[in-house]
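Numbering follows the numbering used here, in which position 5 of the sequence shown is assigned residue number 23; successive positions increment by one, without gaps.
Even for Gly, the Cβ is constructed at its ideal location relative to N, Cα and C.
The structure under discussion appears below in the form of structure tokens.
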Amino acid sequence: MSNLHIDDDATDGWLIAAARELDPPIGEVERLISSITTTMTNVIRPARSLGTDVDGVLVSDRVVKTLLATRIRSQVGRLVVYAQVLVNDEDDVTGARIGLVARYRDDLPAMSDRVRDVVEDVLVATIGEYGSASARTNIHVRWQDVYSRDWLN
19 MSNLHIDDDA TDGWLIAAAR ELDPPIGEVE RLISSITTTM TNVIRPARSL GTDVDGVLVS
79 DRVVKTLLAT RIRSQVGRLV VYAQVLVNDE DDVTGARIGL VARYRDDLPA MSDRVRDVVE
139 DVLVATIGEY GSASARTNIH VRWQDVYSRD WLN
């Protein structure tokens with residue numbers, strides 16, 4: 019048998035010291051960052067600033083969508099798989115589209131009304147009563163089947 023001990027302090031110390039001296043090949047990090055950032059522009063779009071009832075105060079559409087998803091999940095109890103804030107060229111909110119996962123025996127018309135109520139509350143809280151008036155009349159709710167993942171009509 020060999021007298022080689024792999025689990026001793028000297029071996030561990032040598033491995034740690036050697037690992038600290040390892041550097042990635044020159045240019046490798048820059049190449050990786052470059053390849054990621056060139057594809058990320060297709061994935062991530064900049065947030066859109068939305069006008070509110072308060073002069074000089076803007077809110078990000080991402081904040082509104084996040085609030086919509088979390089409030090619907092907590093108050094209606096269904097998973098939001100799609101949230102879109104509809105905006106015109108003047109950055110005014112004109113409506114919302116919400117997609118949710120339905121469960122067997124869900125009363126979809128009644129639950130859709132509950133979802134619309136939550137969306138209205140979020141729009142008033144974030145955009146304001148006046149700025150969200152037209153958007154609150156244009157809320158579309160779609161349900162997705164939990165098993166087939168097909169959109170229900």
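For this session: Under the assumption that V77 contacts T88 (Cβ atoms under 8 Å), give the Cβ distance between them as a whole number of angstroms.
Result: Contact doesn't hold; Cβ gap of about 15 Å is too wide.
Exercise. How many Å lie between V105 and R123 at the Cα?
Worked result: 34 Å
Exercise. Between the beta-carbon of S130 and the beta-carbon of V142, is there less than 9 Å?
Worked result: no
Problem set entry | V81 to L126 span [Cα, whole Å] | 27 Å
Exercise. Contact check, R134 vs I157 under 8 Å by CB: the rounded distance?
Worked result: Confirmed, about 5 Å.
Problem set entry | Whole-angstrom distance between E138 and L97, CA atom to CA atom | Rounded to whole angstroms, the gap between the alpha carbons of L97 and E138 is 18 Å.
Problem set entry | Residue burial classification, T155 (beta-carbon count within 10 angstroms, cutoff 16) | exposed
Exercise. Looking only at its own chain, which residues have a Cβ that is under 6 Å from the Cβ of M19, when we skip the five neighbours before and after it?
Worked result: Only weak support exists for where M19 lies, its pLDDT of 48 falling under 50; the value from the coordinates is given anyway. Annotation for M19: no residue places its beta carbon closer than 6 Å to its own, counting only its chain and skipping 5 residues before and after.
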